[in-house]
Amino acid sequence: MLKIEVETYSRILVVTDALDEADVQVWAPLLKHLQAVSGISLLVTSRDTGDIALELRPDQCLNIGANERDMRRYIEERLSGSTGRFKRLIEANADSGLHEEIITGVMEKADGMFLLAQLHMNSLEAKVSRLADLRLALAKLPEHLETTYDETLGRINDGDKPLAYQIFSWLIHAARPMTIRDLQYALAVEDGTTAINARDL
1 MLKIEVETYS RILVVTDALD EADVQVWAPL LKHLQAVSGI SLLVTSRDTG DIALELRPDQ
61 CLNIGANERD MRRYIEERLS GSTGRFKRLI EANADSGLHE EIITGVMEKA DGMFLLAQLH
121 MNSLEAKVSR LADLRLALAK LPEHLETTYD ETLGRINDGD KPLAYQIFSW LIHAARPMTI
181 RDLQYALAVE DGTTAINARD L
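Residue numbers (the numbering used here): 1 to 201.
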């Protein structure tokens, strides 16, 4: 079907973003099929897992990583904009080199990935209120995105998990990006009802 579509256009650009997030059983045949179609320009973005790069010619790959200076600036801005207990902890230990310790620890574990740095900062801000806890949390920051996602999900209270998974399901399966109001209406719908109760919004 793709070959037929290609023939109707003078130029086709195909962008496949975050290919590494798909299972190998999905991305391998997809990539093979796309490379076999003549007349298309293909752009694939992926973290450097090695497997995907092996399927491409070396002259087709361009490694792009986060600039260390930009990563540092991002973490510094997160620290300066922190609030609550985390902010008080940072301020109380301003002379101990804690600021630099956090920057270095997050940068090492994020390994050039802004998303991982963001998730690590979220994790530290959410669960740390003592200096000893902060140092322990820094030492235990995951180095892989999947582990970080698991840890993030683990921070959801058991009583809130059904609602959280329902929200995730709506967001993942929505035909378009959902607003907060869309999500409120979606969650207010109950089986066997024909109207939405305004108190459920």
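We put the beta carbon where it would ideally sit given N, CA and C, even for glycine.
Measuring alpha carbon to alpha carbon, tell me which of Gln-118, Asn-67, Thr-104 and Thr-8 ends up nearest Ser-82.
Gln-118
In three-state DSSP terms, what is Ser-104?
A quick correction: the sequence has Thr, not Ser, at residue 104. Helix, per DSSP.
Is Val-14 helix, strand or coil by DSSP?
strand
With 16 other Cβ atoms within 10 Å as the buried cut-off, status of His-120:
buried
Start and end of the beta strand (DSSP E) containing Val-44?
Counting along the chain, the beta strand (DSSP E) containing Val-44 begins and ends at 40-44.
Does the Cβ of Gly-97 have 16 or more other Cβ atoms within 10 Å, making it buried, or fewer, making it exposed?
exposed
Rounded to whole angstroms, how far is the Cβ of Leu-145 from the Cβ of Leu-171, which I believe are closer than 8 Å?
Their Cβ separation, rounded to whole angstroms, is 18 Å, which puts Leu-145 and Leu-171 out of contact at 8 Å.
Pick from Leu-56, Met-113 and Pro-162 that is closest to Asp-70, judged by C-alpha positions:
Met-113
Tell whether a beta-carbon distance below 8 Å holds between Ile-40 and Ile-4.
Not closer than 8 Å, so no.
Quick one: Cα of Gly-50 to Cα of Glu-100, how far?
Approximately 32 Å between the Cα atoms of the pair.
Whose C-beta lies closer than 6 Å to the C-beta of Arg-47 among residues of the same chain, with five residues either side of it excluded?
Annotation for Arg-47: Asp-20 place their beta carbon closer than 6 Å to its own, counting only its chain and skipping 5 residues before and after.
Please confirm whether Leu-153 and Ile-167 have their CB atoms less than 8 Å apart.
no
Report all residues from its chain with a CB closer than 7 Å to the CB of Asn-93; omit the five preceding and five following residues, and keep chain order.
Leu-131
Let me confirm a value: Ala-110 is counted as buried when at least 16 other C-beta atoms fall within 10 Å, else exposed. Which label applies?
Ala-110 comes out buried.
Pair within 8 Å by beta-carbon distance, Thr-16 and Val-37
no
What separation, rounded to the nearest whole angstrom, lies between the Cα atoms of Thr-179 and Ala-186?
Approximately 11 Å between the Cα atoms of the pair.
Please list the terminal residues of the continuous alpha helix (DSSP H) segment that includes Leu-19.
First-last for Leu-19: undefined, no H or E at that position.
With DSSP collapsed to three states, give me the class of Ile-52.
helix
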